[in-house]
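Asker: Each number in my numbering comes from the position in the sequence shown (counting from 1) with 53 added on. The following block contains the structure, expressed as structure tokens.
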Amino acid sequence: MREAERIRVLVLAACRPLRQALRQALEHEGIDVVGESASGRDALALVRALAPQVTVVDELLVDGDARTVCRDLGEAGTSTGYVVLSSQDPGPLALPGDPILVPRRTAGGELPEAVRTAARRSAAALATATATATATAGRPAAAGPIHRDILAMLQDLRSRGSQQLAVLVDSWEPAVKRHRPTSERTGCPCAACGAPWPCPLLLDIVQDLS
């Protein structure tokens, strides 16, 4: 496997021999262990510094537990995936971040594939979030009641003939001022928009109507 494709993993476990055993099991399968710690309190700093694709967390840490680590990393907005080692039956456990649960007694054999699955999940979630952010960047919000009122006015103008659209800009501002809230706010008055004037959403509407 090429270096760029190798999965990066952080291992958190109170027991040093366990951390060493997990490292060996992962590295034997071509997975890079970029850091390890016995402390849950170190988790966020380590994740931010090392950028692991997956964090493997034992259920017990010297200063916390897997539930707290998963919760804190999730609330901090990290993109790492999680694999949690548990001595209990994984079935009934419910942990923040939807981690993959691996029984401690079989961790050596099951862990590498669990890490690969967590890495795929993490990559897919990150790709979805990035695509959504890119697709919505710079777009005004969906039409609210104010926009719908103005859209109705524009449709009425269009029904009278395309020449009426020439007076559109003159018609906009009085119509918008009637809806302007009492707060001192510039730009589009729609509470769900806040775009500068002229509102990009309204410009799109006019283009569609033209």
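Cβ atoms here follow ideal geometry from the backbone N, Cα and C, with glycine treated the same way.
Helix, strand or coil for Glu166 per DSSP?
Answerer: Here Glu166 sits in helix by DSSP.
Asker: Taking the beta carbon of Ser140 as the centre, do at least 16 other beta carbons fall within 10 Å, making it buried, or is it exposed?
Answerer: By the neighbour-count rule (16 or more Cβ atoms within 10 Å), Ser140 is not buried but exposed.
Asker: In this structure, does DSSP put Glu128 in helix, strand or coil?
Answerer: Glu128: helix per DSSP, three-state reduction.
Asker: Report whether the distance from the Cβ of Ala119 to the nearest heavy atom of the ligand MN is below 7 Å.
Answerer: This structure does not include the ligand MN; it has no bound ligands of any sort.
Asker: Count the other C-beta atoms from every protein chain shown that fall within 10 angstroms of the C-beta of Asp116, then say buried if there are 16 or more, exposed otherwise.
Answerer: Looking at its Cβ environment, which holds fewer than 16 other Cβ atoms inside 10 Å, Asp116 is exposed.
Asker: Determine which residues share a DSSP beta bridge with Val100 and list them.
Answerer: Paired residues: none, contrary to the question.
Asker: Might you give, ordered along the chain, the residues of its own chain that have their beta carbon closer than 8 Å to the beta carbon of Glu56, omitting 5 neighbours on each side?
Answerer: Residue placement at Glu56 is poorly supported in this model, since its pLDDT is 49, which falls under 50; the coordinates are not used for a value here.
Asker: Taking the alpha-carbon positions, what's the Gly93 to Leu65 distance?
Answerer: Their backbone Cα atoms lie some 7 Å apart in a straight line.
Asker: What did DSSP end up calling Arg59 once you bin it into helix, strand or coil?
Answerer: DSSP places Arg59 in coil when its eight states are reduced to three.
Asker: Given a threshold of 16 other Cβ atoms within 10 Å of its Cβ, counted over all protein chains shown, does Thr159 qualify as buried or as exposed?
Answerer: Answer is exposed; the Cβ neighbour count stays below 16.
Asker: Could you tell me if Gly83 is buried or exposed, where buried requires 16 or more neighbouring beta carbons within 10 angstroms of its beta carbon?
Answerer: Exposed, because fewer than 16 other Cβ atoms sit within 10 Å of the Cβ of Gly83.
Asker: Report the option in Leu138, Val137 and Cys123 whose CA atom is closest to the CA atom of Thr131.
Answerer: Comparing Cα positions, the closest option is Cys123.
Asker: How many Å lie between Ala167 and Leu126 at the Cα?
Answerer: If I take the Cα positions, the gap works out to 19 Å.
Asker: Can you check which of these residues, Arg174, Val107, Asp95 and Cys68, is closest to Leu79 by C-alpha distance?
Answerer: Selected option, being the one with the closest Cα: Val107.
Asker: Taking all protein chains shown into account, do 16 or more other C-beta atoms lie within 10 angstroms of the C-beta of Gly162, making it buried, or fewer, making it exposed?
Answerer: Answer is exposed; the Cβ neighbour count stays below 16.
Asker: To which residues of the same chain is Gly88 closer than 6 Å at the C-beta, ignoring the five residues directly before and after it?
Answerer: Contacts found: Leu63, Leu99 and Leu103.
Asker: Where does Ala172 land, buried or exposed, given buried means 16+ other C-beta within 10 angstroms?
Answerer: Label assigned to Ala172: buried.
Asker: What are the partner residues of Leu65, as DSSP defines its beta bridges?
Answerer: Looking at the DSSP assignment, Leu65 forms a beta bridge with Ser90 and Val110.
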